[in-house]
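Take a look at the structure set out below.
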Amino acid sequence: MPANDDRKGVPRRDFLNVAVGGSAAALAVAGAYPVVRYLAPPPGRSKGVVRVGELERFPVGTVHTVLVDERPVLMVRTADRLRAFSAICTHLDCVVAYSAERRQIECPCHGGVYSLDGRNVAGPPPRPLEELTVTVDEGVVLVSPAG
Amino acid sequence: MRSPNPLHLLTVLAGLLALSAIPPAAMAAVPRGTAAPAAAGSASSGLGSRTLPSPIDATNTCASCHGMLTDDRLRTPSREFLHSAHRDERIGCVGCHKGDPRDPTVSAHAPSTGFVPHPTHTEIPQLCGGCHNDAAFVRRFDSRLPVGQATLFNLSLHGKLTAAGDGPAPDCSTCHGKHDIQSPSSPLSPVNRANVATLCSGCHADKQRMSKYDIRIDQFDKWQKSVHGEAFLAGNAGAPTCTGCHGAHASNPPDASSVARACRRCHEDEMQLFEQSPHSQGFRKRGLGQCVVCHGSHDVPRASALMVGVGPDAVCTKCHSHDEKPRQVASDISVLLRGASERAAEARSAVARATAAGLRVAGAAYALDQVATTEMRVRDVVHTLDPARVQALVADIDRSVAETLTLVSNAEHARRAERRGYYVALALAALLLVTLTLKALQLDRRRRQAGP
Amino acid sequence: MSTGDWLADRLGWTRVEAYLAKRSVPRHGFMFYVGGITLFLFLVQVASGVLLTLYYQPDAAQAHGSVERIVGEISYGDLVRAVHVWAGDLFVASLMLHMFIVMARRSFRAPQELTWLSGIALLALGVGEAFTGAVLPWSERACMDARVGSELALYVPLVGAWLRRLMRGGEDVTSNTLAHAFGFHVAALPAALTFVVAVHLFARSRNRAGSAGATDVPTIPLYPDFFVRLAVALTGVMVLVLTLAIFVERPIGPPADPRLSSALGLPPWYFLPMHAIVRAVPGELLGIDGPRFLVSAACVIGLAVVALPFIDRRGSRLTAWLAWIALLALILVSVRAIT
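Protein chains in written order, with the working numbering: chain A, 81 to 227; chain F, 86 to 537; chain D, 260 to 598.
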């Protein structure tokens with residue numbers, strides 16, 4: 081630490097040190113904030129509605145996995161409806177799959193089980209699968225993320 | 086080094102001898118030279134032949150003789166024939182002209198050979214049809230070639246006039262050429278799709294030629310300026326040229342009832358919607374050509390919202406100058422269309438503005454896409470003349486426009502907030518600069534006062 | 260004890276402080292700041308570059324789009340990229356200025372030869388970083404820079420063909436060029452730069468200064484006086500970089516389309532002198548192909564610059580004069596090239 085010089089007076093010298101330190105700290109915060117925001121940007125808006133194919137691609141009684149915005153989605157076609165569920169397990173984010181023999185949706189990681197309407201019926205998953213909106217426009221199936 | 090095993094040596098020697106015996110045997114199998122006579126000429130002098138075959142060749146003695154004559158009228162056809170689609174030796178000159186191809190003298194032309202020097206104007210369709218209407222025959226050459234053109238031609242007005250001996254009317258050679266006929270898929274062929282309009286207008290725009298018929302000569306001009314012509318000339322393969330609406334061999338001038346059938350080939354959606362409108366019955370009752378009344382025929386202009394309404398450019402006023410209800414409908418639809426188009430333009434310019442500022446608005450491209458698609462649907466639905474249906478689609482457009490504007494506004498807002506942050510950071514940096522400078526000056530002063 | 264004291268104790272700050280306070284530098288030595296500024300700009304580049312790497316995609320089909328995304332969509336991405344572009348230009352300028360000042364003050368003399376050699380290496384690496392960095396956005400400009408910048412490499416004697424293949428990642432400018440540029444720009448060159456900077460600083464500090472100044476100029480201690488002054492200089496540079504980044508746009512340009520013929524344009528500013536001379540040189544000089552003559556001459560001059568401490572052992576005034584004349588000439592030639 082530099083020697084105190086009584087002629088100059090302590091408060092002024094300390095003030096300058098504080099001023100330097102303070103503005104440096106303020107600048108550091110002002111610089112850190114954009115970097116923090118940059119590192120983890122908020123989730124961008126989805127690209128809107130995604131075409132997943134013609135209606136004939138999803139025959140009655142089948143379950144297909146398609147990609148919507150690079151995320152896996154289960155297209156479940158029953159006798160009366162075509163529904164879309166996110167294939168991400170609500171337990172710990174594994175990708176679930178359809179089992180044709182047991183006619184249910186299963187998660188291979190910890191044995192979670194969902195019924196064909198997305199409800200979590202067995203195992204650790206705490207919530208049903210997230211459902212997406214399905215519209216059929218002139219024979220083409222469109223899926224939009226989130227209701 | 087050990088001395089080599091004699092058995093090994095013998096084996097190697099035997100192998101070498103065996104290897105050296107192969108080449109002579111192999112060479113014996115290669116045919117020597119290329120002087121093998123072509124069996125009946127069909128293997129060697131095929132369709133790619135460009136030289137005149139020798140006189141002893143069973144085909145085309147016609148060409149070998151005519152090719153050496155000095156009179157251009159006699160020499161040119163044989164030269165042109167070298168590039169013809171008919172130059173297959175199974176057709177040759179004799180295919181149309183008959184005569185005796187094996188006779189190298191002038192008596193190849195003797196009447197007893199059936200020689201036909203100039204097939205007449207009326208004879209040509211029968212001559213060409215003789216082969217081109219015979220499916221079994223044509224199939225021997227190219228199983229993909231269509232047949233029956235002559236039958237179609239005879240049904241057309243062109244065919245009927247030519248059969249009756251009418252001079253200016255066309256026969257096969259008028260459009261396809263005589264001795265240098267190319268396949269229609271070749272760009273050199275006059276009947277290639279790219280050249281059709283020029284071909285047809287060659288006669289149909291000729292004042293003198295058309296003077297004896299009751300036909301206008303401005304079709305080509307009109308077509309060129311129309312939306313169809315512009316699209317075609319810009320290279321759009323889906324746009325129609327003359328044959329697209331009139332047909333080729335069976336070309337018929339359309340009358341009021343059949344114009345719509347021609348338009349319908351491509352514009353099916355609009356036609357179906359039109360048939361739900363009051364115009365459909367109305368036009369039919371009055372014998373008016375469905376599409377032509379509003380859109381024209383050869384001179385179809387680019388459709389725009391200005392066509393609808395009661396303004397000076399509107400087609401509605403052509404008939405409905407005083408009827409109150411139709412004018413109201415026209416005006417309603419016109420207002421809806423104009424509003425939708427303005428708002429769509431607003432959305433587009435907002436996105437353009439954002440993009441120019443370096444922003445990328447996620448989801449905006451999709452929303453604009455939806456706007457454009459719905460705008461196209463609106464133009465179709467106008468044909469129903471039902472303002473309620475137009476309104477429903479315009480509402481869709483408005484929804485997409487609102488979504489686009491929200492997206493753009495959010496992105497611009499975020500960007501403005503960021504920039505405010507930058508100014509703050511810059512100010513703080515300047516502040517630090519000032520305080521550090523003061524500190525440096527202070528240290529300096531202290532040093533000087535402390536003495537050297 | 261306070262946090263500062265706790266840290267000082269753990270890091271052995273007292274000993275460092277005492278050592279630094281004993282070392283001194285001339286009070287008015289402008290050249291002492293240029294090195295620090297250059298190093299600071301390098302660190303700014305590393306920091307902003309690492310941030311950019313998080314979102315940049317080094318694939319020919321996706322590179323341009325990823326840069327557009329950084330600028331258009333990622334929060335504060337436009338600032339990070341603008342800082343990186345501007346600080347990069349300033350870094351190269353600072354490198355060159357540093358070199359010219361050292362030549363002018365003849366500080367390359369013994370025992371600072373190692374400092375000089377490592378410094379030249381740093382200049383080459385720095386220009387290499389600038390060159391490879393310009394290629395990464397894969398815009399029309401980037402592709403053209405890659406092509407034009409590497410075309411002369413062919414004429415370097417002995418290693419010309421190899422050198423051009425190195426710069427292009429192949430014979431021609433393709434997606435391999437981008438991959439090559441990315442690997443160099445992000446990994447190989449920064450690693451080399453860091454190592455050589457360490458050597459440079461170490462060599463500099465180990466030996467007394469070789470400058471031709473008199474020994475009785477007023478001095479200030481390294482700590483705290485010089486450090487504070489250096490901090491002022493660095494903050495000034497930071498203010499400059501931020502101002503340029505916020506207010507002066509550096510557009511990315513349209514994406515590269517290999518089908519388009521090369522638009523006649525100017526290379527990056529540090530290649531301008533070379534570009535201008537190449538344009539002016541006749542097709543043949545002394546019986547040798549024009550560009551080959553030029554590049555060979557440049558290599559000879561380059562070798563002379565590298566070996567400067569050994570050629571000019573006593574540091575004559577001539578070297579200083581030549582340095583300033585050369586700098587002036589390069590600037591004039593560049594200005595001519597632009598106008």
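Where a beta carbon is used, it is the ideal one built from N, C-alpha and C, also for glycine.
**Request:** Measuring only between beta-carbons, confirm whether A124 of chain F sits less than 8 Å from chain D.
**Result:** Note that A124 of chain F has pLDDT 37, beneath the 50 cutoff, so the model's placement of it is unreliable and the number below is only indicative. False, the Cβ-Cβ gap to chain D never drops below 8 Å.
**Asked** Using 8 Å as the Cβ pair cut-off and three pairs as the minimum, do the segment 474-490 of chain F and the segment 406-424 of chain F touch?
**Response** yes
**Item:** Exposure label - R135 of chain F; buried when at least 16 CB within 10 Å
**Value:** Here R135 of chain F scores only 30 on pLDDT, less than 50, and its place in the model should not be relied on; the value that follows carries that caveat. It counts as exposed.
**Message:** Just to make sure I have the definition right: I need the residues of chain F whose C-beta is within less than 7 Å of the C-beta of G331 of chain D. Which are they?
**Reply:** G443, L444 and R445
**Request:** Note down the Cα distance separating I333 of chain D from T453 of chain D, rounded to an integer number of angstroms.
**Result:** 29 Å
**Asked** Who are the Cβ neighbours of H171 of chain A in its own chain at under 8 Å, not counting the five residues just before and after it?
**Response** C187, C189, H190, G192, G203, P204, P205 and P206
**Whole runs of the beta strand (DSSP E) within the segment 332-405 of chain F, excluding any shorter than 3 residues** = none
**Asked** What are the residues that DSSP puts in a beta bridge with N200 of chain A?
**Response** A:Y194
**Message:** For P152 of chain A, report the span of its beta strand (DSSP E) as first-last.
**Reply:** R151 to R157
**Prompt:** Mind pulling the chain F residues with CB within less than 7 Å of R599 of chain D?
**Reply:** Because chain D in this structure spans residues 260 to 598, residue 599 of chain D falls outside the shown range and cannot be described.
**Message:** For R131 of chain A, report the span of its beta strand (DSSP E) as first-last.
**Reply:** V130 to E134
**Asked** Any idea if K524 of chain F is buried or exposed, counting beta-carbon neighbours within 10 angstroms, 16 or more meaning buried?
**Response** buried
**Prompt:** By a C-beta neighbour count over all protein chains shown, 10 Å radius and 16 as the cutoff for buried, is V339 of chain D buried or exposed?
**Reply:** buried
**Secondary structure of T478 of chain D, DSSP reduced to three states** = strand
**Message:** Against chain F, does Y205 of chain D count as a neighbour if the rule is that its beta carbon must be under 8 Å from one of theirs?
**Reply:** Given a span of 260 to 598 for chain D in the structure shown, any question on residue 205 of chain D remains unanswerable.
**Asked** Name the DSSP beta bridge partners of F58 of chain A, please?
**Response** Within the shown structure, residues of chain A are numbered from 81 to 227, placing residue 58 of chain A beyond reach of any answer.
**Message:** If I measure Cβ to Cβ from A279 of chain F and keep anything under 7 Å in the same chain, skipping five residues before and after, which residues do I get?
**Reply:** P272
**Asked** If we ignore side chains and look at the alpha-carbon of each, how far apart do S325 of chain D and T436 of chain D end up?
**Response** 17 Å
**Request:** Could you work out which residues of chain A lie near P339 of chain D, taking near to mean beta carbons separated by less than 9 Å?
**Result:** Checking the sequence, you will find Val at residue 339 of chain D rather than Pro. The contacting residues are P114, V115 and Y118.
**Message:** On the DSSP letters alone, give me the boundaries of the beta strand (DSSP E) that P285 of chain D sits inside.
**Reply:** S283 to P285
**Prompt:** So what does DSSP say about S179 of chain A, is it helix, strand or coil?
**Reply:** strand
**Asked** What residues in the segment 501-520 of chain D have a beta carbon less than 7 Å from any beta carbon of chain F?
**Response** L501, T502 and I505
**Message:** Please state whether the Cβ-Cβ distance between S353 of chain D and V284 of chain D is less than 8 Å.
**Reply:** no
**Asked** How long is the line joining the alpha carbons of D471 of chain F and K245 of chain F, rounded to whole angstroms?
**Response** 45 Å
**Asked** When DSSP labels each residue in this structure, what does T326 of chain F get in the three-state scheme?
**Response** coil
**Asked** Listed in chain order, which residues of the segment 501-515 of chain F have Cβ atoms closer than 8 Å to some Cβ of chain A?
**Response** E503, G506, V509, A510, L513 and A514
**Message:** Using only CA atoms, which one of F:L521, F:H264 and F:F222 lies nearest to T161 of chain F?
**Reply:** F:H264
**Message:** With H, G and I counted as helix, E and B as strand and the rest as coil, what does DSSP make of T207 of chain F?
**Reply:** coil
**Prompt:** Helix, strand or coil: how does DSSP classify V148 of chain A here?
**Reply:** strand
**Request:** For S224 of chain A, decide whether its Cβ has a neighbour in chain F, counting only Cβ atoms nearer than 8 Å.
**Result:** no
**Request:** Would you check if the distance between the CB atom of L240 of chain F and the CB atom of A335 of chain F is smaller than 8 Å?
**Result:** yes
**Asked** Going by other Cβ atoms of all chains shown within 10 Å of its Cβ, with 16 needed for buried, is R131 of chain A buried or exposed?
**Response** exposed
**Message:** For a test of the three-state rule: what should DSSP assign to D548 of chain D, helix, strand or coil?
**Reply:** strand
**Prompt:** Is it right to say V476 of chain D is buried, meaning 16 or more other beta carbons lie within 10 angstroms of its own, or is it exposed?
**Reply:** exposed
**Message:** With a threshold of 8 Å between beta carbons, is Q527 of chain F in contact with chain A?
**Reply:** yes
**Prompt:** Within 8 Å (strictly less), CB to CB, does G495 of chain D reach chain F?
**Reply:** yes
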